[in-house]
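Working notes, structure below.
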Amino acid sequence: FTTDPRVVPVARRMAQISFDEMLEMCAAGCPKPAMRAVEFARTHGVKLHVRSAFTWEPGTWITDEEPDMEDAIVSGVVGDDSEAKITITGVPDRPGISGTLFRALADADVNVDMIVQNVSEAGITDISFTVPADGLADSVAITERVASEIGAASVTSDDSIAKVSLVGAGMKTNPGVAATVFEILANNNINIEMISTSAIRISCVVAGEECDRAVSVLHTAFGLDAS
11 FTTDPRVVPV
21 ARRMAQISFD
31 EMLEMCAAGC
41 PKPAMRAVEF
51 ARTHGVKLHV
61 RSAFTWEPGT
71 WITDEEPDME
81 DAIVSGVVGD
91 DSEAKITITG
101 VPDRPGISGT
111 LFRALADADV
121 NVDMIVQNVS
131 EAGITDISFT
141 VPADGLADSV
151 AITERVASEI
161 GAASVTSDDS
171 IAKVSLVGAG
181 MKTNPGVAAT
191 VFEILANNNI
201 NIEMISTSAI
211 RISCVVAGEE
221 CDRAVSVLHT
231 AFGLDAS
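Per our numbering, the sequence shown starts with residue 11, numbered consecutively.
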């Protein structure tokens with residue numbers, strides 16, 4: 011589907027989607043199909059047909075080919091409330107600091123998703139990043155230890171956030187998609203806390219309570235609602 015039909019009842023079933031788009035949707039928080047299955051199929055050149063085991067309704071083909079949809083800029087919208095945000099403030103802006111922090115998290119098998127570092131002012135900066143919410147306490151403990159070692163000011167966390175992502179191969183050839191996303195969210199009084207982009211994905215961190223509404227308004231604005 012173009013999004014979770016439990017959140018947006020007018021979500022459409024996609025007849026086809028590319029491996030790249032599906033992998034981006036999985037990375038954004040789409041629970042099915044499993045990312046490893048999509049990666050394996052792409053590596054071995056095997057088309058995937060994802061469908062219900064309980065009905066004869068057609069499913070979605072995942073292939074190397076991009077969907078033949080002339081006006082499709084965005085293929086799907088994904089909401090994910092399983093992450094939390096950590097911010098380390100007053101960080102000395104010198105080489106190696108980020109490496110020290112994220113190496114410590116990596117060694118503890120913490121999967122860091124989005125990372126934002128503010129522009130340095132007077133040699134001091136702030137770093138915010140997202141981690142799985144179910145491991146937030148351990149991630150905060152590691153970050154506090156590193157903060158003490160590097161002389162940072164403080165560490166704060168927020169487990170009431172959500173990540174809303176738009177995925178579509180059409181983004182590569184259509185300028186202004188990000189601006190449109192930001193305008194839509196602003197017009198609906200939804201504040202953006204963090205932003206991350208790739209060639210075919212735009213992700214925004216918003217307040218957790220705004221997740222479903224953000225998904226719904228973006229889904230409608232980009233013409234994904236079933237007619």
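C-beta atoms are modelled at their ideal positions from N, C-alpha and C, and glycine is treated no differently.
Backbone secondary structure at residue i - three-state DSSP
i, result
"glutamate 219", "helix"
"leucine 234", "coil"
"lysine 173", "strand"
"valine 227", "helix"
"arginine 61", "coil"
"valine 18", "coil"
"glycine 133", "coil"
Start-to-end residues for the beta strand (DSSP E) that takes in residue i
i, result
"glutamate 93", "93 to 102"
"methionine 204", "204 to 207"
"serine 167", "164 to 168"
"valine 191", "From DSSP, valine 191 is part of no beta strand (DSSP E) but of the alpha helix (DSSP H) over 187 to 197."
"isoleucine 72", "70 to 73"
"valine 87", "86 to 90"
CB of residue i within 8 Å of CB of residue j, strictly
i, j, result
"glutamate 31", "isoleucine 210", "yes"
"glutamate 49", "valine 177", "no"
"isoleucine 98", "threonine 140", "no"
"serine 103", "glycine 218", "This sequence places aspartate at residue 103; serine is not what is there. Against a cut-off of 8 Å, the Cβ pair of glycine 218 and aspartate 103 comes out as no contact."
"valine 150", "serine 167", "yes"
"aspartate 251", "valine 17", "Residue 251 is absent from the model: the chain starts at 11 and stops at 237."
"valine 174", "glycine 89", "yes"
"valine 87", "threonine 207", "no"
Residue span of the alpha helix (DSSP H) that contains residue i, given as start and end
i, result
"phenylalanine 29", "29 to 37"
"isoleucine 107", "107 to 117"
"phenylalanine 50", "45 to 53"
"valine 150", "146 to 160"
Buried or exposed (CB count within 10 angstroms, at least 16 for buried), residue i
i, result
"aspartate 74", "exposed"
"valine 225", "buried"
"histidine 59", "exposed"
"arginine 52", "buried"
Cβ neighbours of residue i in the same chain (closer than 7 Å, five flanking residues each side left out)
i, result
"alanine 143", "Ser92, Glu93, Ala94 and Asp169"
"glycine 233", "none"
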